[in-house]
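Trainee: Before I ask anything, here is the structure I am working with.
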Amino acid sequence: MLNFPKKTLKFIQRYLLRQQKEIDENLKKVSEDDPARSPALAESSEPGTDSYIADTHAKTLVLEQQLKNTKTSIMTALAKIKKGTYGKCEKCDKQIEVGRLMIMPTAQYCIADSQKAVKK
Ligand SMILES: [Zn+2]
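Position in the sequence shown counted from 1, then plus 1309, gives you this note's numbering.
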């Protein structure tokens, strides 16, 4: 069992839940702002509109993907909190530094292993 302070864990869990909600709201906003999904804009045939739509739509997709990736890592972290495996490095099974998790609650590796991964 990991030696993780309960109070810290609760704090991180609350933080992650809040983040998850924010991301859901952002995802909704991003998709509403996408002109390719807006009937009014899609119907207009002014010159240049098509490329504007395509351009904005492409950016929207990138943003959406980023938000979804973040959401996935948040959900993974929350699931680990439930299972009681939160804070365990996925490479070496040691506990990830608490300070690191406070800054990056979705971290999957300890500092040493994440540095190794970057160098590769
Ligand atoms: Zn490690």
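We put the CB at the ideal spot given by N, CA and C, even for glycine.
Quick check on DSSP: helix, strand or coil for Lys1403?
Mentor: Taking the first residue of the sequence shown as position 1, residue 1403 is located at position 94. If DSSP states are grouped into helix, strand and coil, Lys1403 belongs with coil.
Trainee: Taking 8 Å as the cut-off, does the CB of Lys1389 come closer than this to any heavy atom belonging to ligand 1?
Mentor: Position 80 of the sequence shown, counting from 1, holds the residue named residue 1389. Outside the cutoff, so no.
Trainee: Under 8 Å Cβ to Cβ from Lys1403, same chain only, skipping five residues before and after it: list those, please.
Mentor: By 1-based counting over the sequence shown, the position of residue 1403 is 94. Hits under 8 Å: Lys1397 and Cys1419.
Trainee: Expressed to the nearest angstrom, what Euclidean distance is found between the alpha-carbon atoms of Asp1422 and Ala1345?
Mentor: Along the sequence shown, one-based indexing puts residue 1422 at 113. Along the sequence shown, one-based indexing puts residue 1345 at 36. The straight-line gap from Cα to Cα measures roughly 42 Å.
Trainee: Whose beta carbon lies closer than 6 Å to any heavy atom of ligand 1, going through the chain in order?
Mentor: In chain order, the qualifying residues are Cys1398, Lys1400, Cys1401, Lys1403, Tyr1418, Cys1419, Ala1421 and Asp1422.
Trainee: Whose C-alpha, out of Gln1417, Ala1426, Gly1408 and Val1427, is nearest the C-alpha of Phe1320?
Mentor: Taking the sequence shown and counting its residues from 1, the one referred to as residue 1320 is at position 11. Selected option, being the one with the closest Cα: Gly1408.
Trainee: Between which two residues does the alpha helix (DSSP H) carrying Ser1279 extend?
Mentor: Not covered by the structure: residue 1279. The range shown for the chain is 1310 to 1429.
Trainee: Hey, quick one: how far does the alpha helix (DSSP H) through Asp1342 stretch, first residue to last?
Mentor: Taking the sequence shown and counting its residues from 1, the one referred to as residue 1342 is at position 33. Here the alpha helix (DSSP H) through Asp1342 covers Lys1315 to Asp1342.
Trainee: Classify Pro1414 as buried or exposed, calling it buried when 16 or more other Cβ atoms lie within 10 Å of its own Cβ.
Mentor: For the purposes of this step, residue 1414 is taken as residue 105 along the sequence shown, with counting starting at 1. Answer is buried; the Cβ neighbour count reaches 16.
Trainee: Would you list the residues sitting across from Lys1397 in a DSSP beta bridge?
Mentor: Along the sequence shown, one-based indexing puts residue 1397 at 88. Per DSSP, Gln1404.
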